[in-house]
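2 protein chains.
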Amino acid sequence: MFTDKQILRIPGPTPIPPRVQQAMNQPMMGHRSGKFSALFAKTAERLKPYFGTQQDVYIITGSGTSALEMGVVNTLAPGDEAAILVSGNFGERFAKICERYGVIAHRLEVPWGEAVTPELLDAFLKEKPQVKAVFATYCETSTGVQNPIAELAEVIRKQSDALFIVDAVSCLGAVPCEMDAWGVDIVVTGSQKAFMLPTGLAFLAASERAWSVIEQNKSLAFYLDLKAYRKSLKDQTTPYTPAVSLIFGLAEVLDILEEEGLPAIVKRHELMRDMTRAAMRALNIKLMAEDAYAATTVTSCDPQGAFDAEAMRKALTKHYNISIAGGQQHLKGKIFRIGHMGYCEPLDVLQVIAAIEMSLHQIGAPVELGAGVKAAQEVLIAHV
Amino acid sequence: MFTDKQILRIPGPTPIPPRVQQAMNQPMMGHRSGKFSALFAKTAERLKPYFGTQQDVYIITGSGTSALEMGVVNTLAPGDEAAILVSGNFGERFAKICERYGVIAHRLEVPWGEAVTPELLDAFLKEKPQVKAVFATYCETSTGVQNPIAELAEVIRKQSDALFIVDAVSCLGAVPCEMDAWGVDIVVTGSQKAFMLPTGLAFLAASERAWSVIEQNKSLAFYLDLKAYRKSLKDQTTPYTPAVSLIFGLAEVLDILEEEGLPAIVKRHELMRDMTRAAMRALNIKLMAEDAYAATTVTSCDPQGAFDAEAMRKALTKHYNISIAGGQQHLKGKIFRIGHMGYCEPLDVLQVIAAIEMSLHQIGAPVELGAGVKAAQEVLIAHV
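Structure (structure tokens):
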């Protein structure tokens with residue numbers, strides 16, 4: 001087994017394309033040089049289509065959480081009220097950040113594995129007309145659920161002036177996003193998911209509506225002060241030192257994404273979702289998300305006690321060097337999650353399914369070798 | 001001229017050693033995997049000697065400024081008073097962060113190019129016994145001055161319970177630092193200076209005294225909440241997604257630093273400082289810092305109108321692909337700064353001096369070619 005051939009099928013970080021690795025190997029460059037500024041400004045500009053926005057996209061050196069916090073601290077003040085749509089672990093993170101800043105967080109919770117529907121949100125907002133912001137998770141990584149952001153935005157825009165702030169960390173770049181057309185106010189994502197980069201960057205865009213709030217906000221933040229990022233981007237730079245080598249990589253990532261084109265990328269991810277789901281069904285493994293809300297970037301599977309998910313994951317790592325994810329919070333040890341995102345093709349999905357089947361066999365779980373692979377092949381072959 | 005042979009002689013980012021580039025090329029890894037956790041915990045442990053501490057060192061995905069802000073937001077509260085030793089641009093940054101959080105910042109300012117002496121601090125603190133923290137810059141990158149941190153700490157410890165918080169961004173790893181022995185409470189640095197990594201990481205250590213304050217502090221921070229980093233490091237991990245590829249690089253950097261050994265590294269930087277200063281003197285270019293407080297990582301030079309510093313810098317880039325830094329704030333366009341830090345050897349210093357001489361010739365400034373090089377050679381040869 002090649003020790004450098006680690007196959008990452010977790011929902012981020014995702015594998016780095018060799019071209020991107022090479023781009024990151026460029027010699028270091030002064031981050032205040034004219035050459036870097038030109039690259040930086042152009043790269044930020046090229047991110048806009050993935051957000052579906054005419055607004056500027058800001059690049060933050062930090063994790064996705066740093067940008068989620070930016071979405072909170074720049075728009076709200078202590079005592080403000082917010083609605084948080086909690087469909088899993090990352091929805092809850094928004095609520096925790098709000099509470100840290102003294103924002104009153106009203107949680108609209110759904111059971112893990114379910115989506116927040118427009119109907120639920122409509123009823124919830126009618127009872128909480130005072131909320132100044134609504135926070136949602138586009139793809140809830142912990143459950144493999146994709147919330148219907150366009151429809152949720154429509155509900156909000158119809159009955160409220162609240163800002164709509166969306167965590168799209170584990171899907172942007174692989175899913176449709178029309179921030180401007182849908183009426184979403186802030187979208188946040190990270191570098192290590194569909195953007196195929198190492199961890200370390202986050203991206204954020206804000207609507208004109210959001211900016212009118214941000215400009216008035218007396219935010220208690222320095223590093224995460226969005227106004228400072230806006231001022232600097234006008235000068236083609238960042239307020240604080242950016243992660244230069246990751247920006248080199250991002251420019252190359254954008255080349256790759258532009259070559260395939262967003263519509264084809266979205267379709268590839270839908271295909272990988274459908275293949276994975278067909279395989280799991282063929283293996284009699286329960287899917288956590290229903291078809292209508294199944295994420296295209298990650299599939300959550302619940303063995304419901306038929307086998308030990310952790311033992312299977314360990315066998316997968318030990319025998320095949322493949323990493324998939326386990327459950328989070330109360331689902332720890334109970335479920336497993338397959339990432340199919342970024343630098344991942346339909347053939348890679350066949351590979352991980354085959355390896356899961358063999359790992360099940362190796363831990364003594366009842367499994368028909370090849371049954372999942374065949375079901376996924378049938379989905380794939382219909383598309384080729 | 002090779003376009004990929006850019007010679008960075010700015011005070012950060014500094015060039016990346018090829019071994020470190022290669023290490024960063026390792027395939028991406030799940031940041032919650034056992035393998036990464038083991039690497040992360042060991043790497044954090046190996047940072048301790050450069051801080052001179054038995055305390056844990058925290059690794060933050062962010063710029064140096066993010067860690068400076070951590071030093072403020074986790075120790076102080078609105079209405080608290082702090083003393084800020086301002087000897088240049090980066091001292092002023094501490095003051096600005098304090099003021100953002102409603103902390104009353106008392107500035108002890110010295111003219112750019114001078115150090116804050118123990119006597120000055122002693123007198124200042126006698127007038128401000130109420131300050132809860134004293135902020136200082138170890139190496140003030142904007143002026144090339146190294147403040148006498150050990151002596152300043154002694155002054156504080158003798159007459160105050162205030163925390164002593166030090167920005168060592170542009171020197172740690174190249175200078176002596178005995179945080180525990182000196183009685184410094186928080187030391188902060190960045191990845192892109194003496195640590196020879198790309199931009200994107202910051203490191204911070206805090207004393208037991210600091211922790212007793214931090215644990216009581218109701219910090220208005222989430223991403224920059226030090227308590228969360230402490231809790232996670234006990235589990236060999238980070239509270240939020242770390243920049244994995246930079247951690248791969250950091251482990252390799254620590255190999256390189258350990259091979260040379262900190263005492264030899266410190267001496268190499270002192271030698272490069274002495275060479276640079278001898279050369280500038282031979283070229284009749286004024287040095288901003290006096291000998292006693294001259295930084296070993298960056299030398300600030302003031303042509304005092306004898307030639308156009310910006311024209312010289314431009315010639316240096318155009319003809320020789322070498323980047324040196326200009327002045328900041330009111331010194332913009334007036335001075336130039338040579339970085340000699342990290343992956344930089346005495347022979348590299350000869351190279352940049354030779355190129356500066358030729359650039360001076362090319363912009364029509366009076367210069368005796370070789371005079372600076374010879375003076376630097378004489379310093380070097382006495383050490384070989």
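Just so you know, the sequences run in chain order U and R.
Going by UniProt numbering, the first residue of the first sequence is number 1, and it counts up by one from there.
Going by UniProt numbering, the first residue of the second sequence is number 1, and it counts up by one from there.
In this text, a Cβ means the ideal position worked out from N, Cα and C, and glycines have one as well.
{"Item": "Chain-ordered neighbours of Glu69/R on chain U, where CB pairs are closer than 7 Å", "Value": "Phe222, Tyr223"}
{"Item": "His31/U burial status per 10 Å Cβ neighbour count (16 or more: buried)", "Value": "buried"}
{"Item": "Chain-ordered neighbours of His31/R on chain U, where CB pairs are closer than 7 Å", "Value": "Pro13, Thr199"}
{"Item": "Length at least 3, wholly inside the stretch 130-164 of chain U: the beta strand (DSSP E) runs in chain order", "Value": "133-137"}
{"Item": "Cutoff 8 Å: Leu8/U Cβ touching any chain R Cβ", "Value": "yes"}
{"Item": "Partner residues on chain R for Asp4/U, Cβ-Cβ distance less than 8 Å", "Value": "Gln26, Pro27"}
{"Item": "Interface residues of chain R facing Tyr101/U [CB-CB closer than 7 Å]", "Value": "Leu220"}
{"Item": "Between the CA atoms of Ile356/U and Ile186/U - distance to the nearest angstrom", "Value": "38 Å"}
{"Item": "Environment of Phe90/R [buried if 16+ CB atoms lie within 10 Å]", "Value": "buried"}
{"Item": "Within 8 Å, strictly: CB atoms of Thr297/U and Lys193/U", "Value": "yes"}
{"Item": "Three-state secondary structure (DSSP) of Cys301/U", "Value": "strand"}
{"Item": "At least three beta-carbon pairs within less than 8 Å, the stretch 71-82 of chain R to the stretch 253-264 of chain R", "Value": "no"}
{"Item": "Cβ separation of Pro13/R and Met28/U, assumed to be a contact under 8 Å, to the nearest whole Å", "Value": "5 Å"}
{"Item": "Environment of Glu378/U [buried if 16+ CB atoms lie within 10 Å]", "Value": "exposed"}
{"Item": "Interface residues of the stretch 225-250 of chain R facing chain U [CB-CB below 7 Å]", "Value": "Tyr240, Thr241, Pro242, Ala243, Val244, Ser245, Leu246"}
{"Item": "Chain-order list of residues whose beta-carbon lies under 8 Å from that of Thr43/R (same chain, five-residue window excluded)", "Value": "Ile59, Ile247, Leu250, Ala251, Leu254"}
{"Item": "Top-ranked residue by Cα proximity to Thr241/R, from Ala67/U, Pro239/U, Thr276/U, Ala77/U", "Value": "Ala67/U"}
{"Item": "Residue-chain proximity (Ile97/R, chain U), Cβ-Cβ < 8 Å", "Value": "yes"}
{"Item": "Within chain U, partners of Gly91/R - CB distance below 7 Å", "Value": "Ordered by position in chain U, no residue passes the 7 Å Cβ test against Gly91/R, which lies about 15 Å from the chain."}
{"Item": "Assumed close pair Gly372/U, Met280/U - CB separation to whole angstroms, cut-off 8 Å", "Value": "7 Å"}
{"Item": "Continuous beta strand (DSSP E) stretch holding Arg9/R: start and end", "Value": "7-9"}
{"Item": "Beta-carbon proximity check, Leu172/U vs Thr75/U, cutoff 8 Å", "Value": "no"}
{"Item": "Beta carbon of Val184/U nearer than 8 Å to that of Leu204/U", "Value": "no"}
{"Item": "Spatial distance of Ala315/R from Asp235/R (CA atoms)", "Value": "52 Å"}
{"Item": "Closer than 7 Å at the beta carbon, the chain R residues around Gln21/U", "Value": "Asn25"}
{"Item": "Straight-line Cα distance separating Leu8/R from Ile16/R", "Value": "10 Å"}
{"Item": "Rounded separation between Tyr101/U and Ala221/R - CA only", "Value": "8 Å"}
{"Item": "Own chain partners of Cys98/U with C-beta closer than 6 Å, once the 5 adjacent residues on each side are dropped", "Value": "Val72, Ala82, Ala105"}
{"Item": "Three-state secondary structure (DSSP) of Glu81/U", "Value": "strand"}
{"Item": "Top-ranked residue by Cα proximity to Cys139/R, from Arg230/R, Asp4/R, Gly88/R", "Value": "Gly88/R"}
{"Item": "Pairwise C-alpha distance: Ala202/R and Thr237/R", "Value": "15 Å"}
{"Item": "Span of the alpha helix (DSSP H) around Leu347/U", "Value": "346-362"}
{"Item": "Rounded distance between the beta-carbons of Phe336/R and Met358/R, thought under 8 Å", "Value": "Between Phe336/R and Met358/R the Cβ distance is about 15 Å, and since that is not below 8 Å, they are no contact."}
{"Item": "Alpha-carbon to alpha-carbon, Gln328/U and Ser212/U", "Value": "37 Å"}
{"Item": "Where Leu323/R meets chain U, residues with beta-carbon distance less than 7 Å", "Value": "Note on residue identity: the sequence assigns Ser, not Leu, to residue 323/R. Result: Gly30, Ser33."}
{"Item": "Contact list for the stretch 39-69 of chain R against chain U, Cβ threshold 8 Å", "Value": "Thr61, Gly62, Ser63, Gly64, Thr65, Ser66, Glu69"}
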